[in-house]
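A.B. asks: The structure that follows is given in the form of structure tokens.
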Amino acid sequence: MNNTSSTNNMLINFFNKYIKQNYKFIIGILAIILFLFVGFQVYNFIKLRSINQNSITYFDAIGLDQNNDFYAIMEKLSLNKDFYSILATLEMINFNIEAKQYNEVKNQYLKLLKNNKINSAYKSAIASHAA
Numbered sequence: 300m301n302n303t304s305s306t307n308n309m310l311i312n313f314f315n316k317y318i319k320q321n322y323k324f325i326i327g328i329l330a331i332i333l334f335l336f337v338g339f340q341v342y343n344f345i346k347l348r349s350i351n352q353n354s355i356t357y358f359d360a361i362g363l364d365q366n367n368d369f370y371a372i373m374e375k376l377s378l379n380k381d382f383y384s385i386l387a388t389l390e391m392i393n394f395n396i397e398a399k400q401y402n403e404v405k406n407q408y409l410k411l412l413k414n415n416k417i418n419s420a421y422k423s424a425i426a427s428h429a430a
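Pasting the structure below:
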């Protein structure tokens with residue numbers, strides 16, 4: 300019994316001594332971890348806010364008549380790298396089909412199909428829609 304309590308005291312003394320000798324290093328590591336965590340949270344917040352803004356823009360544009368303003372908004376949204384860029388490109392394709400601009404439709408479908416970030420199931424759905 301006395302042996303285990305002395306072992307525990309030795310471990311506690313060892314950790315206390317280690318922390319006292321290396322407190323600057325430990326604080327530095329904790330500060331770096333905190334900085335990385337806060338940076339990651341800020342990045343996620345900005346990305347989420349951008350997606351929300353794109354969503355609002357997309358659904359506001361859907362409410363417009365399909366004219367040049369609608370096409371310009373969809374063209375701007377299609378330049379982003381999120382889900383709403385795919386939806387905007389599909390809306391532009393529908394707009395061009397109604398305007399009988401089939402070469403532009405073909406180019407937009409090819410652009411969508413060459414996008415490597417799209418899941419293969421979505422590519423198949425886009426290709427079947429194009430056919």
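In our numbering, the protein residues as written are 300 to 430.
Ideal Cβ placement from N, Cα and C applies to all residues, glycine included.
These numbers were taken from a predicted model, which means no experiment stands behind them.
Would you kindly work out how many angstroms separate the C-alpha atoms of residue 382 and residue 334, rounded to a whole number?
C.D. replies: Roughly 30 Å separates the two Cα atoms.
A.B. asks: Taking all protein chains shown into account, do 16 or more other C-beta atoms lie within 10 angstroms of the C-beta of residue 391, making it buried, or fewer, making it exposed?
C.D. replies: Result: buried.
A.B. asks: Once you ignore the five residues that flank residue 423 on each side, which residues in its own chain have a CB closer than 6 Å to its CB?
C.D. replies: Excluding positions up to five away in sequence, the list is empty.
A.B. asks: Let me know the secondary structure DSSP gives residue 366 once reduced to three states.
C.D. replies: Correct three-state label for residue 366: coil.
A.B. asks: Measuring only the C-alpha atoms, how far is residue 316 from residue 338?
C.D. replies: Approximately 33 Å, taken between the alpha carbons.
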